[in-house]
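For the sequence shown, this note's numbering gives the first residue as 6, with consecutive numbering after it.
Each residue gets a CB set at the ideal place from its N, CA and C atoms; glycine is no exception.
Down below is the structure, laid out as structure tokens.
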Amino acid sequence: MGTTPIIQTTALSKHYGSSSGDTLALNNLSLNIEQGEIFGYLGPNGAGKTTTIRLLLDLIRPTHGTATIFGLDTRTDSVEIHKKVGFLPGELNLWKGRTGAQIVHYLATVRGDADKIKRHANELADQLKLDLTKKFRDYSSGNKRKLGLVLAMMHQPDLLILDEPTSGLDPLMQQTFNEMMRNYRDTGKTVFLSSHVLSEVQSICDRVGILRDGDLKAVETIEKLTHVEFRWVEVKFKDMVNPTLSTQLSRLDGVNHIEHDNNTLRLQLRGDFDPLLRTISGEYIKDLRVHDPTLEEIFLAFYSDDSENVQ
6 MGTTPIIQTT
16 ALSKHYGSSS
26 GDTLALNNLS
36 LNIEQGEIFG
46 YLGPNGAGKT
56 TTIRLLLDLI
66 RPTHGTATIF
76 GLDTRTDSVE
86 IHKKVGFLPG
96 ELNLWKGRTG
106 AQIVHYLATV
116 RGDADKIKRH
126 ANELADQLKL
136 DLTKKFRDYS
146 SGNKRKLGLV
156 LAMMHQPDLL
166 ILDEPTSGLD
176 PLMQQTFNEM
186 MRNYRDTGKT
196 VFLSSHVLSE
206 VQSICDRVGI
216 LRDGDLKAVE
226 TIEKLTHVEF
236 RWVEVKFKDM
246 VNPTLSTQLS
256 RLDGVNHIEH
266 DNNTLRLQLR
276 GDFDPLLRTI
286 SGEYIKDLRV
296 HDPTLEEIFL
306 AFYSDDSENV
316 Q
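If you want it as structure tokens, here you go:
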């Protein structure tokens, strides 16, 4: 990765005034995105993800704070920045009566070097199995998303900013998208994508930022974020679960969320296995499995009142 961040924000904030007082959409965001990484920006609707993207692209102005892309100020140098950025908005509204090919042609002409851009657009459309001869109004939501990806990537920008890029894509196309993003990163380019699709982020992102109510709660590598101190333990016994076993286990430090069904016991474990194994040692155990938490479970933990216990 390069030493100069591709995206850098310092105390970037956005407040919206209303009769009932200010609404805080983004609060003092300080964030660095490095060259050659796929950065996932996670959070539910209303967390401030789209506000951040609009601020970066100078579509709205911050209440205070600053942001740079390629070392250029996003407010004073937005035109220059836009030449090197590919953007997919969360809501894509284009000319309904134009075909995909006509829209590509028009925007390629605006970008310059239209023939080269259109050739690459056709290659991208083939990868995504998108028929460019159809009119925009006849596209399904998934195909509109595909066209948006083609338009964002066709001029081979140095930075992609994608707002919920896989919304409406079927699972096979999501896999194609993941492969395209990895290939894009491998050329040394950068991807900043917002998402609430946690499996997508876990599959392709190098780092993740978790946003809640306008506040950045954590920035971690996927590897570190998923290396947490709890795991799920599933024990299958030969006979029905002893009713007193749950009570005994609930007294152990680090054992939580105990449940049982017939001959299977499930629980969350923090810390050492030894106290658990000693407690169940008197039972006939047919199988014991340990599962690391999914990124979704980790993500939800950041939103819980005791999130500090699982980081």
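message: I need the straight-line Cα distance from A16 to T284, nearest angstrom please.
response: Rounded to whole angstroms, A16 and T284 show a C-alpha spacing of 51 Å.
task: Have a look at Q161, L29, N37, K19 and flag the residue whose alpha-carbon is nearest the alpha-carbon of I11.
output: With distances taken between Cα atoms, I11 lies closest to N37.
Where D310 falls, given that 16 or more other Cβ within 10 Å makes a residue buried: Its pLDDT being 45, under 50, D310 is placed unreliably by the model, and nothing is read from it.
message: Is it the case that the segment 53-67 contacts the segment 241-255, given that we only count it when at least three CB pairs across the two stretches are under 8 Å?
response: With a cut-off of 8 Å, the segment 53-67 and the segment 241-255 do not count as touching, because too few Cβ pairs lie within range.
query: Cα-Cα, which of V260, N268, N267 is closest to D274?
result: Correcting the residue type first, residue 274 is Leu in the shown sequence and not Asp. Selected option, being the one with the closest Cα: V260.
Start-to-end residues for the alpha helix (DSSP H) that takes in L99: Where L99 is concerned, there is no enclosing alpha helix (DSSP H), given that its DSSP letter is neither H nor E.
query: Excluding sequence positions up to five away, which residues of its chain have a Cβ less than 8 Å from the Cβ of H201?
result: So the list reads L47, G48, P49, N50, E169, once near-sequence residues are dropped.
field: Reference G147, options W100, H160, G117, E96, closest by Cα
entry: The residue among W100, H160, G117, E96 with its C-alpha nearest the C-alpha of G147 is E96.
message: Give the list of continuous alpha helix (DSSP H) stretches no shorter than 4 residues that lie fully inside the segment 241-291.
response: Those alpha helix (DSSP H) runs which fall completely within the segment 241-291 and span 4+ residues are 248-255, 279-285.
message: Which runs of the alpha helix (DSSP H) at least 4 residues long sit entirely within the segment 35-96? Give them in chain order.
response: Runs of the alpha helix (DSSP H) lying entirely within the segment 35-96, each at least 4 residues long, are 54-61, 83-88 in chain order.
- prompt: Is the beta carbon of K140 sitting closer than 8 Å to the one on G102?
  reply: Their beta carbons are under 8 Å apart, which means K140 touches G102 by this criterion.
message: From the DSSP secondary-structure annotation, give me the bridge partner or partners of G225.
response: Note that residue 225 is Glu in the sequence shown, not Gly. For E225, the beta-bridge partners assigned by DSSP are V213.
- prompt: Since K19 is in the beta strand (DSSP E), which residue starts that stretch and which ends it?
  reply: Residues 12-21.
task: List the residues that DSSP assigns as beta-bridge partners of I166.
output: Note: I166 sits in a beta bridge opposite F92, F197.
- prompt: Per DSSP, which one or two residues make a beta bridge with R236?
  reply: Answer is L274.
- request: Within the same chain, show all residues whose beta-carbon is closer than 6 Å to that of H20, passing over the 5 residues directly before and after it, in chain order.
  value: For H20, where only same-chain residues beyond five positions count, the Cβ hits under 6 Å are D27, L29, T68.
task: Tell whether a beta-carbon distance below 8 Å holds between V246 and L230.
output: The Cβ-Cβ distance between V246 and L230 does not fall below 8 Å.
field: Assigned exposure category for G105 - 16 Cβ within 10 Å defines buried
entry: In the assembly as shown, G105 is a buried residue. Its beta-carbon has 16 or more other beta-carbons within 10 Å.
query: What three-state label does DSSP hand K140 in the structure shown?
result: If DSSP states are grouped into helix, strand and coil, K140 belongs with the strands.
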